[in-house]
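Residue numbers (the numbering used here): 406 to 658.
Each residue gets a CB set at the ideal place from its N, CA and C atoms; glycine is no exception.
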């Protein structure tokens with residue numbers, strides 16, 4: 406598998422057969438405690454249609470913070486945040502929101518509450534189910550959340566779907582493997598850009614990912630470091646994770 410040039414990642418488009426090319430970005434924003442302007446610059450440079458956010462603000466005036474991130478990134482708020490205990494979905498104006506649901510997951514005493522932000526979006530003649538997640542640091546709880554993620558993705562009742570987020574697990578871990586066995590791991594299917602998603606200078610790990618259901622064609626997926634407009638100083642200033650950007654071709658229904 407060869408990696409494509411950073412400039413070769415397909416742009417958002419509607420194909421003659423009615424299929425659409427959709428850019429999906431996954432990004433842990435650490436409650437927007439860092440440089441929000443740098444964060445917005447990174448997101449804008451990726452030109453996403455959908456952003457699956459993790460660690461969105463969920464306490465005091467969280468809706469105001471979510472609206473600020475959407476506005477400064479040139480996007481709109483779809484769902485999530487405090488109502489999903491952190492995961493959130495933003496989209497471009499290209500997407501029409503068909504429905505949304507935020508889900509709180511069973512909680513292990515002493516551990517953080519976790520949840521999913523989910524939506525079904527219509528882009529042209531395509532309906533795409535979207536799930537944003539941030540899984541547990543506890544291995545047993547995390548694995549059960551992975552099972553629930555697959556169930557929830559199926560329950561979205563969309564012909565095609567994508568799940569993205571911070572897994573708190575590496576590709577050789579049981580939860581990551583569970584998801585990769587059921588879905589297409591974007592990086593493995595069509596590697597593009599940089600692999601590892603931990604903060605620059607930290608030990609190299611891939612703990613954030615974009616997964617696509619069967620039937621979706623992965624055109625490229627990876628960390629957009631070096632993509633025109635995505636500057637290293639902004640990546641360092643924005644948050645403690647690196648984003649994952651995927652270009653997907655979704656068939657028309």
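With H, G and I counted as helix, E and B as strand and the rest as coil, what does DSSP make of residue i?
i	result
residue 654	strand
residue 579	helix
residue 559	helix
residue 437	helix
residue 489	helix
residue 591	helix
residue 406	Confidence is the limiting factor: at residue 406 the pLDDT is only 40, short of 50, which leaves the residue's position unreliable, though a coordinate-based value still follows. In the structure shown, residue 406 sits in coil (DSSP, three-state: anything other than H, G, I, E or B).
residue 420	coil
residue 618	coil
residue 497	coil
residue 553	helix
residue 478	helix
residue 586	helix
residue 645	coil
residue 638	helix
residue 604	coil
residue 599	strand
residue 532	strand
residue 574	coil
To which residues of the same chain is residue i closer than 8 Å at the C-beta, ignoring the five residues directly before and after it?
i	result
residue 575	581, 610, 611, 612
residue 518	490, 509, 510, 512
residue 462	436, 437, 470, 471, 486, 487
Using only the heavy atoms of the ligand SAM, determine whether one of them is closer than 8 Å to the beta carbon of residue i.
i	result
residue 529	In the structure on display, the ligand SAM does not appear, and there are no ligands present to speak of.
Would you mind giving the Cβ-Cβ distance between residue i and residue j, rounded to the nearest angstrom? I have them listed as a contact below 8 Å.
i	j	result
residue 628	residue 647	5 Å
residue 426	residue 436	With 8 Å as the limit, residue 426 and residue 436 do not qualify as a contact, their Cβ atoms being about 31 Å apart.
residue 528	residue 500	5 Å
residue 588	residue 563	About 14 Å; that fails the 8 Å criterion.
Within a Cβ cutoff of 7 Å, which residues of the same chain sit near residue i, ignoring the five residues on either side of it in sequence?
i	result
residue 513	543, 546
residue 538	492, 521, 554, 568, 570
residue 506	523
residue 643	439, 440, 443, 444, 447
residue 481	475, 495, 496, 498
residue 550	510, 519, 540, 541
residue 640	447, 605, 630, 647
Are there 16 or more other CB atoms within 10 angstroms of the CB of residue i, so buried, or fewer, so exposed?
i	result
residue 590	buried
residue 459	buried
residue 421	exposed
residue 649	buried
residue 433	buried
residue 559	exposed
residue 586	exposed
residue 602	buried
residue 552	exposed
residue 638	exposed
residue 557	buried
residue 516	exposed
residue 599	buried
residue 577	exposed
residue 504	exposed
residue 625	buried
residue 385	An answer regarding residue 385 cannot be provided, because it is not within the stretch 406 to 658 covered by the chain.
residue 634	exposed
Less than 6 Å between C-beta atoms, sequence neighbours within five positions excluded: which residues of the same chain meet that for residue i?
i	result
residue 657	423, 424, 530, 531
residue 477	445
residue 430	451, 453, 456, 648, 650
residue 579	548
Complete runs of the alpha helix (DSSP H) confined to the region 424-473 [at least 4 residues]: 441-451
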